[in-house]
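Numbering (my numbering), first residue to last: 47 to 410.
For every residue, glycine included, the Cβ atom is placed at its ideal position computed from N, Cα and C.
As the structure is a computational prediction, the values presented were derived from the model and not from experiment.
The structure under discussion appears below in the form of structure tokens.
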Amino acid sequence: MTTYFGIPYPPAHTNLIQMMLTLKLVGLSFEVHDSYLIKLKQKDAKYDAEKKFKTICQPSILEVFHYAFCYIGILTGPYFKYRTYWDLFNHNYWRKATYINLLIKKIRIIPTLIICYLATSWIFPLSEFKNDSFYTSTSLSYRLWYMYSSFFIFRTRLYLGFIFSELICIASGIGAYPEVTDPQSGSGPTRNFESLETEYSVKEEVYNFDCIESIDIMKVETISTVRGATRIWNMTIQYWIAEYVYRRIPVKKLRTLVAFGISALWHGIYTGYYVSLCSVPFYLAVEDIYDRQYRNYADSAGKRILWTFFLYTMKMYQFSFWGCTFQLLHIDLIFKYCQSIYFLPYIVLITMYAISRFNNLRTS
47 MTTYFGIPYP PAHTNLIQMM LTLKLVGLSF EVHDSYLIKL KQKDAKYDAE
97 KKFKTICQPS ILEVFHYAFC YIGILTGPYF KYRTYWDLFN HNYWRKATYI
147 NLLIKKIRII PTLIICYLAT SWIFPLSEFK NDSFYTSTSL SYRLWYMYSS
197 FFIFRTRLYL GFIFSELICI ASGIGAYPEV TDPQSGSGPT RNFESLETEY
247 SVKEEVYNFD CIESIDIMKV ETISTVRGAT RIWNMTIQYW IAEYVYRRIP
297 VKKLRTLVAF GISALWHGIY TGYYVSLCSV PFYLAVEDIY DRQYRNYADS
347 AGKRILWTFF LYTMKMYQFS FWGCTFQLLH IDLIFKYCQS IYFLPYIVLI
397 TMYAISRFNN LRTS
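Here is the structure:
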């Protein structure tokens with residue numbers, strides 16, 4: 047949009063900073079708002095460790111500035127609440143946490159990801175989508191294959207970003223909480239809040255950094271459904287969307303579409319973000335039918351395995367297509383590529399829905 051007004055396009059890192067500022071400042075607003083509501087309800091109520099943890103004092107302008115521009119996660123995340131940031135300086139859980147083994151575990155996978163990213167991005171550059179020869183001199187199967195390869199490059203790059211951002215958080219100590227509190231990504235502790243109090247703190251307690259975990263690569267790669275994968279992809283951001291968008295939409299049927307729409311808006315105003323992310327809810331509706339009605343009610347282990355394989359194949363197929371449109375950004379490039387593959391992802395989705403409707407009508 048800046049170029050529309052004759053302003054030079056800003057460097058890429060400024061967009062990343064702006065994206066993280068959006069999450070932090072909107073999230074902080076909700077934290078303050080929710081804390082105010084809790085305090086109103088708790089005036090005459092007895093002490094509650096959970097509500098005390100979920101309540102924050104309204105920060106000053108300087109404290110907001112420090113939280114917003116904290117170097118931890120300023121470029122690539124992960125998102126962490128103001129409460130998590132406050133605990134870093136006021137509770138020092140990180141002093142009791144063991145992190146060396148966790149750092150080594152995450153560092154081990156980095157060389158493999160770097161090699162995969164550099165090799166595949168050299169063999170299958172994204173710029174190929176802009177060449178006319180790609181559409182005139184290649185087969186349909188190759189163009190479909192290129193969709194998979196571009197998504198592989200895309201996710202290896204993101205995996206590297208997630209891991210490096212987690213390493214920074216772990217090394218700095220943010221997000222360390224007692225394991226007994228069952229910390230969740232973005233949210234932090236979810237139970238046994240009494241153990242967070244100084245008087246209950248036990249020196250021998252086990253601590254972890256699950257609060258700032260962005261992704262479990264093996265789970266994302268092996269899970270069979272899109273719905274399952276979206277829940278464990280960039281988990282701290284998923285928490286933000288679920289907590290501050292999804293659960294606050296009064297009309298339940300619109301929650302998923304609005305959540306993905308907000309996610310697209312958060313990424314920017316390129317058409318590719320909306321074509322990609324706003325397509326997901328429609329596939330989820332169809333996928334749920336096949337998952338819950340067909341796979342879950344399969345009358346043999348063999349059929350269940352076949353349904354799992356089918357859903358996994360469709361997951362990778364749709365994710366690769368969405369990843370492709372997400373990266374192409376512009377509507378003309380997206381339409382040109384879709385035309386070259388005969389809009390197959392949309393045709394497959396419509397066919398899946400039509401078959402499910404036909405089967406439902408036949409059984410009824």
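Host alpha helix (DSSP H) of residue i (start-end)
i	result
Asp178	178-182
Trp353	347-374
Trp168	156-169
Ala275	272-277
Ile84	58-87
Glu289	281-290
His112	107-114
Pro327	326-335
Arg189	186-218
Tyr125	No alpha helix (DSSP H) contains Tyr125, which DSSP labels as neither H nor E.
Val394	390-409
Val297	Element bounds for Val297: n/a, residue is neither H nor E.
Asp378	377-386
Tyr320	317-323
Glu240	First-last for Glu240: undefined, no H or E at that position.
Phe99	95-99
Glu267	263-268
Leu149	146-153
Counterpart residues of residue i in DSSP-defined beta bridges
i	result
Tyr223	Asn254
Gly234	Gln230
Neighbour-count burial assignment, residue i, 16 or more Cβ in a 10 Å radius
i	result
Leu374	buried
Pro224	buried
Pro56	exposed
Pro54	exposed
Gln284	buried
Glu245	Confidence in Glu245 is poor, its pLDDT being 47 and thus under 50, which makes the residue's placement too unreliable to answer from.
Pro229	buried
Arg408	exposed
Thr202	buried
Tyr253	buried
Asp345	exposed
Asn280	buried
Val297	exposed
Met66	buried
Tyr82	exposed
Lys176	exposed
Gln64	exposed
Gly369	buried
Cys103	exposed
Phe452	Outside the displayed range of the chain (47 to 410) lies residue 452, so it cannot be described from this structure.
Pro157	exposed
Gly348	exposed
Leu71	exposed
Glu77	buried
Met193	buried
Leu86	exposed
Ile153	exposed
Ser270	buried
Whole-Å CB distance - residue i paired with residue j, under 8 Å assumed
i	j	result
Tyr336	Ser402	7 Å
Pro124	Thr236	Actually they are not in contact, since the Cβ atoms of Pro124 and Thr236 sit about 17 Å apart, beyond 8 Å.
Val326	Val272	7 Å
Leu323	Ala310	4 Å
Phe372	Tyr319	6 Å
Cys257	Phe135	About 15 Å separates the two Cβ atoms, so there is no contact after all.
Ile118	Lys100	Not a contact, Cβ separation roughly 22 Å.
Ala95	Glu243	7 Å
Phe255	Gly221	5 Å
Ala305	Tyr292	5 Å
Asn131	Leu159	A small fix is needed here, since residue 131 is Tyr in this sequence, not Asn. Their Cβ separation, rounded to whole angstroms, is 28 Å, which puts Tyr131 and Leu159 out of contact at 8 Å.
Residue i at chain C interface by Cβ criterion, 8 Å
i	result
Ile278	Included in the structure is just one protein chain, with no chain C present.
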